[in-house]
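Residue numbers (the numbering used here): 2 to 422.
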RNA sequence: GGAGAGGUGGCUGAGUGGUUUAAAGUACCCGCUUGGAAAGCGGGCGUAGGGAAACCUACCGGGGGUUCGAAUCCCCCCCUCUCCGCCA
């Protein structure tokens, strides 16, 4: 959510932000709701003030006295008026709140202009995608793949996109998770194991609701299976004021992630590219507003280091305004090269939300200078998502003999130099 | 799942329909005092919204209701604790 005062005082800034993100929002309607709300709250408060004054006066009068009875009669009318106006106010307030939630975060000044993913800027490329041999093939075509990643049985037992990982497939996945968590911990992130179901309030605070309604699995108890550890992690400090000295707070968490991926069926869903349940380690930061864009750079390099240690070619994209998410101020995507498919796969998305999530979630710190609570800035990024890293490892490291070479950094975790099908 | 007891400011805790502007204590901050400190004394000390300001309003787990008036009475929900049942 944006600062209502910012909207009031500088609507042109918000208008420019919406334009840069290429979104359609009726800002004038939001502004009209805002002034209506302010007018109505003034009326209600005036009436309530009268009630309070009468209450004090009546407390001093004898209960059955004529003055008392007259006052009761008088205040009955005021009471009725308060009820009516309050009902109106609540309606307006609800509409106003929904309208405010429909406003996107402002893109940072360094975000490039552009409408489509093609206009994202390639910020850097590491490793040589061309270095991989001609025998590379899409991971789902590698002989034996179906034994280690059993989609057919997963479909029988659960549904499409819920594969079984078997033998070395399961072992390699676990090795990656362990490797990620160890590296992230070394980089200063405290490991957390969060709940993997969240309530509606938490999903609203991070922006899954109402924006992405229908993308999450919902239980009979109105709990949502987490689409990413970002949701429970960010909500850890919801409605709290943390000490300024504790900032920046850096945490990492492994969770399975559940995504319905409604409406995304198509050619990109083969093999491990897009599944409904996958493992991911998420990195999260709560930082002082003055530090947040520096922290975004270090978050990105923390995620990049993992790919470097795995010896995987990758590139860094700086997202343009039109491809930036609703809540993000600035975002880098890390894409790993999958030699068999000859395409880039997104394995991490490093974002600075500035105060956008913090305002929804009311996560603040007490500023030393003013003594007043201020909103923190939140950032997050994957470190990393497992299935697509698996896909890249299988495709890039496939040897002519049909085995897959395990990168040196991962060997202590996997226990072998090669994976066999 | 069943029965009972609870939920009040950073913390402790009073308040069962009307000077409550949520007492008091404690913690914290400032001052007096002191060689310095402790103690003592005096003052300050929540969050949010509206307003140019004076100031006004809301908030006692959450939501609704009764009433001229609700922390207080009623209903629903959430959470904590105790006991019972079930269970990894």
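Think of the CB as a built atom: it goes at the ideal place given N, C-alpha and C, for glycine as much as any other residue.
- Between residue 109 and residue 319, the C-beta spacing is not below 8 angstroms.
- Counting other Cβ atoms within 10 Å of its Cβ, residue 140 reaches 16 or more and is therefore classed as buried.
- The straight-line gap separating the alpha-carbon atoms of residue 185 and residue 49 is approximately 54 angstroms.
- Shown here for residue 228: same chain residues with a beta carbon closer than 7 angstroms to its own, the five before and five after excluded, namely 209, 216, 217, 258, 259 and 260 in chain order.
- Membership of residue 390 in any beta strand (DSSP E) is not indicated; the residue belongs instead to the alpha helix (DSSP H) covering 387-397.
- A distance of 8 angstroms or more separates the beta carbons of residue 354 and residue 200.
- The region 399-409 and the region 283-291 do not touch, with fewer than 3 CB-CB distances between them shorter than 8 angstroms.
- Contact between the region 331-349 and the region 84-95 is not established, with fewer than three Cβ pairs separated by less than 8 angstroms.
- In this structure, the beta-carbon distance from residue 150 to residue 164 falls below 8 angstroms.
- Comparing alpha-carbon positions, the option among 39, 275, 182 and 367 lying closest to residue 303 turns out to be 182.
- With a 10 Å radius around the Cβ and a threshold of 16 neighbouring Cβ atoms, residue 341 comes out buried.
- Just so you know, the alpha carbons of residue 377 and residue 345 end up roughly 34 angstroms apart.
- Contact between the region 363-373 and the region 306-317 is absent, with fewer than three C-beta pairs closer than 8 angstroms.
- Ranking 117, 212 and 330 by CA distance to the CA of residue 324 puts 117 first.
- Put simply, the backbone Cα of residue 192 is about 27 angstroms away from that of residue 374.
- Along the length of the region 120-151, whole alpha helix (DSSP H) runs at least 4 residues long occupy 146-149, reported in chain order.
- For residue 295, there is no enclosing beta strand (DSSP E); the residue is part of the alpha helix (DSSP H) that begins and ends at 293-310.
- For residue 240 and residue 232, the gap between their C-alpha atoms comes out near 14 angstroms.
- The shortest C-alpha to C-alpha distance from residue 155 to any of 273, 381 and 401 is the one to 273.
- A direct Cα-to-Cα measurement between residue 254 and residue 195 gives close to 7 angstroms.
- Taking a C-beta distance under 8 angstroms as the contact criterion, residue 358 and residue 207 qualify as a contact pair.
- For residue 238, the closest of 137, 361 and 67 by C-alpha to C-alpha distance is 361.
- Assigned with DSSP and collapsed to three states, residue 47 falls in helix.
- Excluding sequence positions up to five before and after residue 21, its CB lies within less than 6 angstroms of the CB of 108 and 322, all in the same chain and listed in chain order.
- Ranked by Cα distance from residue 412, the first of 403, 394 and 402 is 394.
- Under DSSP, the beta-bridge partners assigned to residue 378 are 288.
- Under DSSP, residue 258 forms a beta bridge with 279.
- Rounded to the nearest whole angstrom, the CA to CA distance from residue 91 to residue 38 is 9 angstroms.
- Residue burial annotation: residue 382 is buried, with at least 16 other C-beta atoms found within 10 angstroms of its C-beta.
- Restricted to the region 10-78, not a single beta strand (DSSP E) segment is unbroken, complete and at least 3 residues in length.
- Only residues of its own chain outside the window of five on either side were considered, and among them 48, 51 and 52 have a CB closer than 7 angstroms to the CB of residue 79, listed in chain order.
- Secondary structure at residue 219: strand, using DSSP grouped into helix, strand and coil.
- About 11 angstroms separates the Cβ atoms of residue 351 and residue 385, ruling out a contact at the 8 angstroms cut-off.
- Per DSSP, reduced to three states, the secondary structure at residue 244 is strand.
- Note on geometry: alpha-carbon atoms of residue 326 and residue 177 lie some 28 angstroms from one another.
- According to the DSSP assignment, residue 318 belongs to the beta strand (DSSP E) that extends over 315-319.
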